[in-house]
Amino acid sequence: MNTAPTIESPISAASLLRNWKEVIDTCNLRPERRMDVVSRWLVLTRACVFQMSLTSGWIGGLLALSVGPIDWGLFALTLAGLVLAHAANNLSNDFFDLQEGLDTRDYPRALYAPHPVLGGLTSRRGLAAAFVAITALDGLLALYLTSVRGPLVLVFAAAGLLISLFYTAWPLKLKYRGLGEAGVFLVWGPLMIGGTFFVASGRLPTWVWAACLPYALAVTTVVMGKHLDKFPYDAPRHVRTLAVLLGEAATNRLIRGMMVAFYVVSLGLVLTGTLSVWVLLVGLSLPRLVSVWKLYRRPKPASPPENYPVWPLWYVSWAFYWTKQAGTLFVLGLVAGVILPVRLGF
């Protein structure tokens, strides 16, 4: 089982920065490193994947900026709210999977990184308290944004909270019923991107829903990759993720198909004039897609490569590796489109 390094003090500023970078880059802190309080919470909340929420937020803000002025202060608060929501979601999943008996010392969650409770980072009560505190803070942000933009903000926030909470919590337990992947698609696509667009601009044209699709597909490949990795553990436990329902081979093909769909949908949005031609910058990530595609077509190795940080996860790492570049290029394309708007509109 992956356990947390011991927290000692004091630690030099340089060591702190190295710790934080390592946790953000790998989701882990090597046992030989001395863990500080900030690193502990970065590990606890799985801050290594917050980039996906920030990318969704930036996509929403840039889409809004492409058609008119935005309120930068409200946009910044929305980005903060998305990160808090992601942190709360991760804590909630760890708490309810532990309560359900799914997270054990020999389950991947406790192997690829320290589990908040099983890894000795906090207690069950501490985990629950952290979730409540972060959710409450996020709720205050949502109430303020609602006071400025109106009740539609609460609709976005409540929908995101319910999907995130009931991803693992009773009575819906979406992940356990093959619906978790759809929940991720909705949250990191229409809810985060569309919600940010609305808060930043006060508008919500219908074309925004189509513009949400490429990155929603990309993020969903990440969670599906994780469920593919967990297939040998979930199937015997009757955790019916989409990977368990479809089988390993079909899930593998579906993930690769969704990666290709990211480019197809992006191209379609450019050809219809929905997005600027600069979004075609995503094509620069095709070499990485080819590399990831080859890895997906090979059997998972029997043991981790040297210095590989999140074993026994495998497919999710490569999906995230591709999504980071594809999402970043999508954002850069939107930035270029704001600076020099060029649309086709066939």
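Counting from 0, one number per residue, gives the positions in the sequence shown under numbering that gives the first Met the number 0. Yeah, the Cβ is synthetic: ideal placement off N, Cα and C, and Gly gets one too.
- Listed in chain order, the alpha helix (DSSP H) runs fully inside the segment 266-318 are 285-295, counting runs of at least 4 residues.
- If one requires a minimum length of 4 residues, the alpha helix (DSSP H) runs lying completely within the segment 18-80 are 36-43 and 49-64, in chain order.
- Here glycine 272 is exposed: its Cβ has fewer than 16 other Cβ atoms, across all protein chains shown, within 10 Å.
- Here aspartate 93 is buried. Its C-beta has 16 or more other C-beta atoms within 10 Å.
- Beyond the five residues adjoining it in sequence on each side, serine 122 comes within less than 7 Å, by CB distance, of Val116 in the same chain, given in chain order.
- Distance from the CA of leucine 73 to the CA of alanine 249, rounded to the nearest whole angstrom, comes to 42 Å.
- With fewer than 16 other Cβ atoms inside 10 Å of its own Cβ, serine 11 counts as exposed.
- The DSSP-derived three-state label of arginine 123 is helix.
- Nearest neighbour of valine 278 by Cα position, chosen from Leu333, Arg176 and Pro311, turns out to be Leu333.
- If you draw a straight line from the Cα of methionine 223 to the Cα of leucine 339, it comes to about 36 Å.
- Counting only residues of its own chain and dropping the five nearest sequence neighbours on each side, leucine 101 has a CB closer than 7 Å to the CB of Arg236 and Val238.
- Rounded to whole angstroms, the separation of the alpha carbons of alanine 301 and serine 52 is 32 Å.
- Taking arginine 176 as the centre and dropping the five residues before and after it, the same chain places the C-beta of Arg239 closer than 8 Å to its C-beta, in chain order.
- Judged by DSSP secondary structure, arginine 108 falls within the alpha helix (DSSP H) whose first and last residues are 107-110.
- The three-state reading of DSSP puts valine 222 in helix, counting H, G and I together.
- Closest option to lysine 299, judged by alpha-carbon separation, among Lys225, Phe329, Gly256 and Phe261: Lys225.
- Collapsing the DSSP output to three states places aspartate 102 in coil.
- C-alpha of tryptophan 321 to C-alpha of leucine 288: approximately 6 Å in a straight line.
- Contact between alanine 199 and threonine 54 fails: their C-beta atoms lie close to 15 Å from each other, not under 8 Å.
- Under the 10 Å beta carbon count, threonine 134 is surrounded by 16 or more other beta carbons and is classified as buried.
- Counting C-beta atoms within 10 angstroms of its own C-beta, aspartate 228 has 16 or more neighbours from the protein chains shown and is therefore classed as buried.
- The beta-carbon distance between threonine 103 and alanine 112, rounded to whole angstroms, is 15 Å. This is too long to meet the 8 Å contact definition.
- Take the alpha-carbon of phenylalanine 95 and the one of leucine 343: they are about 48 Å apart.
- Distance from the Cα of cysteine 47 is smallest, within the candidate group Leu62, Leu28 and Met34, for Leu28.
- A direct Cα-Cα distance of roughly 10 Å separates alanine 141 from proline 150.
- Within the same chain, Cβ atoms closer than 8 Å to the Cβ of glycine 194 are found at Gly59, Thr77, Val152, Phe155, Ala156 and Gly159, the five residues on either side in sequence being excluded.
- With distances taken between CA atoms, phenylalanine 184 lies nearest to Ser163 out of Pro107, Thr167 and Ser163.
- Following the DSSP letters along the chain, one finds threonine 240 in no alpha helix (DSSP H), marked with neither H nor E.
- In this structure, DSSP gives arginine 202 a state outside helix and strand, which the three-state scheme calls coil.
- About 5 Å separates the CB atoms of proline 311 and proline 107; that is less than 8 Å, so the two are in contact.
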